[in-house]
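These notes concern the structure reproduced below.
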Amino acid sequence: MKIKWILLGGIIIFLAVLILHPQQEVVISIKEGMPAIPLALPDFMVRSSSPETKALAQELHKIISDDLKYSRVFQLLPKSYYSYIRPLNPEEIFFKDWESIQANILFVGEVQESDGKKILFEGKIYDVKAGRLIFGKRYQSEKVLLRLVAHKMADEIMKIYGERELFTSKIVFISNRDGNDELYMMDYDGHNQTRVTFNKKQDYMPAWSADGKKIAYTSYRNNRAGLYILNPFKGEITEVVSKGTNFAPTFSPDGKKLAFCSTMEEGNPEIYVATSEGKKIKRLTFNKAIDTAPSWSPTSREIAFTSDRGGTPQIYIMDAEGSNIRRISFGGNYHDAPAWSPAGGRIAYVSRVDQIFDIYALNLRTEQVVKLTESNARNETPSWSPDGRHLVFSSNITGTIQLYTIDYDGSNLRRLTSKGESKLPDWSR
Amino acid sequence: MKKAIIFSLAFLMVFAALSSCRGRARVEEVTPPPPPPEVVEQPEVETVEKVEEPVVVKEPELTEEEIFMSKTLEEINLEAPLQMIHFDYDKYFIRDDAKFVLEANADWLKKYDAIVILIEGHCDERGTEEYNLALGEKRAKSTLDYLASLGISTDRIRTISYGKSVPLDPEHNEISWQKNRRAQFLIIKK
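If you're matching them up, the sequences are chains A and B in order.
Going by numbering that gives the first Met the number 0, the first sequence runs without a break in its numbering and finishes at 428.
Going by numbering that gives the first Met the number 0, the second sequence runs without a break in its numbering and finishes at 189.
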């Protein structure tokens, strides 16, 4: 009898494992990202016979289409589906038609030219099932700001679904394309690469403030590695500290604090915290080992950082006051550059194995580690997109160091830069 | 009568004396000979001896120290009087081969005791940006500590780290990596 029961129990457990195993993966994939929302984006209407306006409408359509495809929130219906239904008439929309090709959302765009130089763009988002307008917005701008108009519109669509603005976010980075290491910034998709500093000094490790208006960075001046805060839109620079070597700044998501690494006291790299203006500097770590690379949790209550207090560089987490330190990286002897996802659930970092650097993401809830890059190269300095679905990082896979983006699951690798060398990216929130 | 004789005698004597004086002066004027020609030869010898001193006194011999101080910081650093040291991969302890170098550097620093130096810590490309910047600082700091143990005041030493951003050798092989893992010295004040 007993043996029978044990056998039966064993079979049940065995079956349970078999059943649960694939189920677990399903659960994870749901957690990782909800199923993409099917969205119809038919060609935009053009209220002008000028071929230039038609071209602009096509360009706007392409940019918004690229944005939404990149989002992983929406899934664009194939254009071929539109041929099965009646052509779009903005005055009278047949929602049943759109429902029949499985669209949940219908985006209707209209482009007009106003006084020659400007464009007027109107976008309307419809809930297909309910057959009603959810949201509409009109933009007027100079033609040169076409990309910005498109990104703003795409961000509005994201916001309806509770997502953060992604397409108008900016990536700040270091490049030597004009001779020496200076600060540059660009759109999330690599467009509009613009130089920010012109100081002929070596600038290093930039980081956006929470509101995206300021950049903290290291600058080598007069044989010192000082930490500075720059307002690139006003051209104002304030010095935070210039004693010792100061680096790896990072602003807290709540906008109140600035954490960074400094050797200002005893010449040992320690983590410090200051107000977001760089005042009231306070030391957080007290350890003879290296403590560096701080990264705030989304709640601004904890800080992930790198320390070699255990003999090799590993990732630790501490409370924002410096207490309650615990190690979170295991199974390797070189981990660095933690980046805490704004969505909270993950910490991305760099792991070195046999002199190859790859980017991994640790899921803090499941403690599961996903390897995001797979290349015989040095992939470094991950920084999350505002929505936590994408990462920007540097890689020397082509021989020179360039910037790339990749999604949280390792898909959708995209190259963003090609001039000179570019590194140390930081994605605005 | 007697009086008349005395007067006439006195008169005669005065006259005779006066007239004899005139006669002697004339004789003396004629007698002295013209100076001999030999006197012209003597000054020629004296002028030859005199030439030596005034120009030489204005340019004194410079001491080694004075030559050193007359150079600019750029010139001194170009000569690199302080040798750089190298480190093991991922490490920041001072190697035995580096100790000899640092001893020589300490001797030099003792000789020029007004010199203030900057120790730059550098790393090779096989470390991550953030950790490397900290590692470079550690390398500079252990170099500073070793120089301090040799008697150099830490007031004369500053440190900085460049991580892997300023490699000495841009190649990607063992030799260049070893070259790039270094602490080097910059004289910033004399």
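Backbone N, C-alpha and C fix where the C-beta goes; we use that ideal spot for every residue, glycine too.
All figures in this text were calculated on a predicted structure; none of them were measured in a lab.
Whole-angstrom distance between residue 421 (chain A) and residue 176 (chain A), CA atom to CA atom: 8 Å
Where residue 31 (chain A) sits in the DSSP three-state scheme: Residue confidence for residue 31 (chain A) is low, a pLDDT of 49 falling below 50, so the modelled location carries little weight; the figure read from the coordinates is stated next. Residue 31 (chain A): helix per DSSP, three-state reduction.
Residue 171 (chain B) in three-state terms, based on DSSP: coil
Residue 73 (chain A) (DSSP reduced to helix, strand or coil): strand
Sufficient close CB pairs (3 or more, under 8 Å) joining the stretch 128-148 of chain A to the stretch 65-82 of chain A: no
Opening and closing residue of the beta strand (DSSP E) in which residue 108 (chain A) lies: 104-113
Residue ranges of each beta strand (DSSP E) within the stretch 93-170 of chain A, 3 or longer: 104-113, 117-126 and 131-141
With 16 other Cβ atoms within 10 Å as the buried cut-off, status of residue 243 (chain A): buried
Limits of the unbroken beta strand (DSSP E) element including residue 316 (chain A): 313-318
Span separating the alpha-carbon of residue 114 (chain A) from that of residue 228 (chain A): 41 Å
Whether residue 182 (chain A) touches residue 196 (chain A) by CB criterion (8 Å): The answer is yes: Cβ separation under 8 Å.
Members of the stretch 312-331 of chain A near chain B, C-beta cut-off 7 Å: 312
Contact with chain B by residue 291 (chain A), beta-carbon distance below 8 Å: Answer yes: the Cβ-Cβ gap between residue 291 (chain A) and chain B drops below 8 Å somewhere.
Where residue 247 (chain A) meets chain B, residues with beta-carbon distance less than 9 Å: 128, 129, 132 and 133
Integer Cβ distance of residue 121 (chain B) from residue 91 (chain B), believed to fall under 8 Å: Between residue 91 (chain B) and residue 121 (chain B) the Cβ distance is about 11 Å, and since that is not below 8 Å, they are no contact.
Cα-Cα separation between residue 397 (chain A) and residue 377 (chain A), rounded to whole angstroms: In a straight line, the C-alpha of residue 397 (chain A) is about 10 Å away from that of residue 377 (chain A).
Chain B residues whose Cβ lies nearer than 9 Å to that of residue 336 (chain A): 127, 128, 129 and 130
C-alpha distance - residue 194 (chain A) paired with residue 67 (chain B), whole-angstrom precision: 42 Å
Contact the stretch 256-276 of chain A vs the stretch 288-301 of chain A: 3+ CB pairs below 8 Å: The stretch 256-276 of chain A is in contact with the stretch 288-301 of chain A.
Buried/exposed call for residue 381 (chain A), threshold 16 Cβ in 10 Å: buried
Proximity winner among A:232, A:276 and A:262, relative to residue 251 (chain A) (alpha-carbon distances): A:276
Three-state class that DSSP yields for residue 246 (chain A) in the structure shown: Under the three-state reduction of DSSP output, residue 246 (chain A) falls in the strand class.
Minimum Cβ-Cβ distance from residue 31 (chain A) to chain B less than 8 Å: Note that residue 31 (chain A) scores 49 on pLDDT, short of 50, meaning its location in the model is unreliable; the coordinates nonetheless yield the value given after this. In terms of beta-carbon proximity, residue 31 (chain A) stays away from the interface with chain B, with every pair separated by 8 Å or more.
Length of the line joining the Cα atoms of residue 367 (chain A) and residue 321 (chain A): In a straight line, the C-alpha of residue 367 (chain A) is about 26 Å away from that of residue 321 (chain A).
Within-8 Å CB hit, residue 423 (chain A) to chain B: yes
Nonlocal neighbours in the same chain, by C-beta distance under 8 Å from residue 427 (chain A), ignoring five residues either side: 168, 169, 170, 171, 207, 211 and 385
Residue from A:400, A:424 and A:383 with nearest C-alpha to residue 409 (chain A): A:383
Terminal residues of the alpha helix (DSSP H) in which residue 62 (chain B) lies: Residue 62 (chain B) -> no alpha helix (DSSP H), and no H or E assigned at all.
Coil, strand or helix - residue 22 (chain A) by DSSP: Here residue 22 (chain A) scores only 36 on pLDDT, less than 50, and its place in the model should not be relied on; the value that follows carries that caveat. Correct three-state label for residue 22 (chain A): helix.
Close-in-space but distant-in-sequence residues of the same chain around residue 364 (chain A) (CB under 7 Å, 5 per side omitted): 344
Best match in A:338, A:231 and A:81 for proximity to residue 99 (chain A) [C-alpha to C-alpha]: Nearest to residue 99 (chain A) by alpha-carbon distance, out of A:338, A:231 and A:81, is A:81.
Residues near residue 202 (chain A) in its chain [Cβ-Cβ closer than 6 Å; skip 5 each side]: For residue 202 (chain A), where only same-chain residues beyond five positions count, the Cβ hits under 6 Å are 180, 181, 182, 196, 216 and 218.
Within chain A, partners of residue 164 (chain B) - CB distance below 8 Å: Correct list: 180, 201 and 203.
contact_flag[the stretch 173-188 of chain B, the stretch 111-127 of chain B] where n(CB pairs < 8 Å) is 3 or more: Segments in contact, yes.
Option nearest residue 153 (chain A) by Cα separation, candidates A:117, A:65, A:248 and A:246: A:65
Every unbroken beta strand (DSSP E) inside the stretch 106-177 of chain B [3 residues or more]: The stretch 106-177 of chain B contains these whole beta strand (DSSP E) runs: 115-121 and 156-162.
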